[in-house]
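In what follows, a structure is listed as structure tokens, so that the remarks can point back to it.
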Amino acid sequence: MGRVNEIWHSYSGVERRNIAIYIAGIMMYKFGLEFFNGSITTLATDRFKSAATFTKLGAAQGVNQAAQCVGAILIAPLIKKWPTRSVLAGAIFFFGIMTAILLIVDAGTGGKIKPAGAKTPVYGDWNPNLIFVIWTLSGICYGMVELIRRVIPADIVGGDVSKLRRMDAVVHIFYEVAGTSGAFSSSSAITRFGNNYSFFMTPVFFASAGAIWIFISTLNFKSSKVIQEELEQSGLAEVDKKRSSSNYLVQVGYGAVAFGESIYVGSKIVFLNRRFIWLLPSYAIALYMHRFLEGSLAPAFAKRVLGTSAWSQIIVGGSNFGELLGAFAVLILSDVVTTPLPWLRLDALLLNIVWILPHFSTRATNDVTWAWKIAGCFIPISWGWAAGDVSLAAYIQSSLSSDPKFKHANVSALGAVMAFLYSTYIVLNAVFSSVLGKVFDKDFTKNGNIIYSLKMVGGVHFSVACGIILLSTFIPKGAFAINPKSLGPVGTPESRNETSDSEDGEDFKKTNTTDLETLEKSRS
12 MGRVNEIWHS YSGVERRNIA IYIAGIMMYK FGLEFFNGSI TTLATDRFKS
62 AATFTKLGAA QGVNQAAQCV GAILIAPLIK KWPTRSVLAG AIFFFGIMTA
112 ILLIVDAGTG GKIKPAGAKT PVYGDWNPNL IFVIWTLSGI CYGMVELIRR
162 VIPADIVGGD VSKLRRMDAV VHIFYEVAGT SGAFSSSSAI TRFGNNYSFF
212 MTPVFFASAG AIWIFISTLN FKSSKVIQEE LEQSGLAEVD KKRSSSNYLV
262 QVGYGAVAFG ESIYVGSKIV FLNRRFIWLL PSYAIALYMH RFLEGSLAPA
312 FAKRVLGTSA WSQIIVGGSN FGELLGAFAV LILSDVVTTP LPWLRLDALL
362 LNIVWILPHF STRATNDVTW AWKIAGCFIP ISWGWAAGDV SLAAYIQSSL
412 SSDPKFKHAN VSALGAVMAF LYSTYIVLNA VFSSVLGKVF DKDFTKNGNI
462 IYSLKMVGGV HFSVACGIIL LSTFIPKGAF AINPKSLGPV GTPESRNETS
512 DSEDGEDFKK TNTTDLETLE KSRS
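Residue numbers in the sequence shown follow my numbering, run continuously in steps of one, and reach 535 at the last position.
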């Protein structure tokens, strides 16, 4: 408790207030999100035809991921005009409305809440492919909320990396407390009300989250009037005049161009630097494996092995609990394990636990106890991923925010790298979720079970990822230590100064300078 008390008092009174309000809102958000995601995933597995169930499920999830990028682009101009807390609250209110569409459509076409004692829900007369539309709209809203979630912590506590790392860990802990309880609760709700109505509380939870977030301070937001006055005082009002007079659609267009430029700049930073190139497998592939674990393996096992799609949420609940433990481990051991490498190596090794799924599939019966057993197996897998993810985010932030040679004229280096890594994950998830979902469908159609596909899509797939992630952790300088204290120039200010003229940094500067010269020539 002394450690927790020390962490809490490292923040000012205003920061503690805003953190508490933010956590309260995010728990309501996560609770509603688990109800919606669990319901629509099981709804898809039940409504899509059995010959293409997981092919379509993977495709729908891929569309949802792509829509998140659109949402991020649409919301970016709004953050410049209004306080972050107001945009966040508005986005979550809009998200709640989108989730209610399916409830309205189902009720309007004859759907009903599952009668007590009934084995199957009473669905409305609507085309199951409508799930693609609903998932696309919700993906846009989800992308809006998730982008602001990445921005607001720095607004609350500033750029202090230590404070950010601790806040991220604390928020993640409470986020997963809500996620774990939400996943378990949604499983019961799906069983009782049917997956077409089990998320009826989602709009309520989202509205509650928005109402709570409204009370966060306006932080460092400055109104356009104040900014204009500052520009006039500095003589830059005329320079900014054209940009500020642009309408929303023009700003969205600029946002799309900036997003593409961010991906380009981020790819250069990653591929031209030894200290960042290993992030591609360690972040993007690790994140993809985690999402595939929860979004594809859990539903496939629940539907095809256990025979009840709702039980996939019990398995996801175990995964969420593992994430909670991982975030807590980083919070407690942040001063002992100072780099993400030990966590990433552990994460890679724990992926091999998935090999137990084909073994269990030959023995499992249509009993809920097997869902709880699989949930227990998912706990250590997600524990390793969450610990690696939280510590890796802090590493990326500290590396790019402290080194001036990675600054770019038009985009944030940190934002560019994160955009590139996340876009890579989206492509991986969109392609492989659908392709590997087809493996599940063919195996079930041919053999009446998914034992073979669990060995290939589960075991082999995850073991290959384990090898790639594990090897990537030996790329950074100083990575061969069991628990490195720093990675190359990342660490103390002295170590950063000694390596400020490293070859990889010079390569980036040369490439970046050439690009800027080309850009200036084209403008002239």
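Beta carbons are placed, not taken as given, at the ideal position from N, Cα and C, and that holds for glycine.
Sequence-distant partners of Leu361 (beyond 5 residues in either direction) whose C-beta falls short of 7 Å from its own C-beta, in its chain, are Pro391, Ile392, Gly395. Take Leu425, set aside five residues on each side of it, and the residues of its chain with a beta-carbon closer than 8 Å to its own are Ile407, Gln408, Leu411, Ser412, in chain order.
Rounded to whole angstroms, the gap between the alpha carbons of Ala200 and Asp57 is 16 Å.
Taking every protein chain shown into account, the CB of Lys67 has 16 or more other CB atoms within 10 angstroms, so this residue is buried.
Between Trp224 and Ala100, the gap from beta carbon to beta carbon is short of 8 Å. Thr435 counts as buried, since no fewer than 16 other beta carbons sit within 10 angstroms of its beta carbon.
Taking 8 Å as the cut-off, the beta carbon of Arg203 is found no closer than this to the beta carbon of Ala405. Excluding its 5 nearest sequence neighbours in each direction, Phe473 has C-beta neighbours in its own chain below 7 Å: Met300, Leu362, Asn363, Val365, listed in chain order. For Ser293, no alpha helix (DSSP H) segment is defined, and its DSSP state is neither H nor E.
Residues Ala220, Ile223, Trp224 of the same chain have their beta carbon placed closer than 7 Å to that of Gly36, with the five preceding and five following residues left out of the count. In this structure, DSSP gives Val133 an extended state, which the three-state scheme calls strand. With distances taken between CA atoms, Phe195 lies nearest to Ser209 out of Ile184, Ser149, Ser209, His183. Counting every other CB atom within 10 Å of its CB across the protein chains shown gives Thr376 a total below 16, marking it as exposed. Shown here, Lys123 sits in a strand according to DSSP, grouped into three states. DSSP places Leu283 outside both helix and strand once states are collapsed to three, so it counts as coil. The residues Phe216, Ser219, Ala220, Ile223, in chain order, have a CB closer than 7 Å to that of Met39 in the same chain once the five nearest residues on each side in sequence are set aside. The alpha-carbon separation between Phe443 and Phe143 amounts to approximately 18 Å.
For Gly329, the uninterrupted alpha helix (DSSP H) run begins and ends at 323–344, by DSSP. One thing to note: Ala490 has its Cβ within 8 Å of the Cβ of Leu352. In its chain, beyond the 5 residues on either side, Val133 have a beta carbon closer than 7 Å to the beta carbon of Lys123.
Cα atoms of Phe59 and Arg374: separation of roughly 27 Å, rounded to the nearest angstrom.
A straight-line Cα-Cα distance of about 27 Å links Val74 and Lys466. Rounded to the nearest angstrom, the gap between the Cα atoms of Lys488 and Cys152 is 40 Å. Rounded to whole angstroms, Phe332 and Ile296 show a C-alpha spacing of 21 Å. Ranked by Cα distance from Ser483, the options Ser293, Gly459, Pro310, Ile343 are led by Ser293. The alpha-carbon separation between Asp378 and Thr213 amounts to approximately 28 Å. Between Phe312 and Ile367, the CB-CB gap reaches or exceeds 8 Å. In the DSSP assignment, Ile364 falls outside any alpha helix (DSSP H), carrying neither H nor E. Taking C-beta atoms as the reference points, Ala102 and Ile159 count as a pair closer than 8 Å. The alpha-carbon of Ala127 is positioned some 21 Å away from that of Lys314. Contact between the stretch 174–188 and the stretch 330–346 is present: 3 or more CB-CB pairs across the two stretches fall below 8 Å. The C-alpha of Tyr33 is placed about 31 Å away from the C-alpha of Ala441. Judged by DSSP secondary structure, Met467 falls outside any alpha helix (DSSP H); it is assigned neither H nor E. Distances from the CA of Leu54 to each of Phe42, Pro94, Trp93, Asn140 were compared; the closest alpha carbon is that of Asn140. For the set Val316, Ala397, Ala382, the Cα lying nearest the Cα of Ala338 is the one of Ala397.
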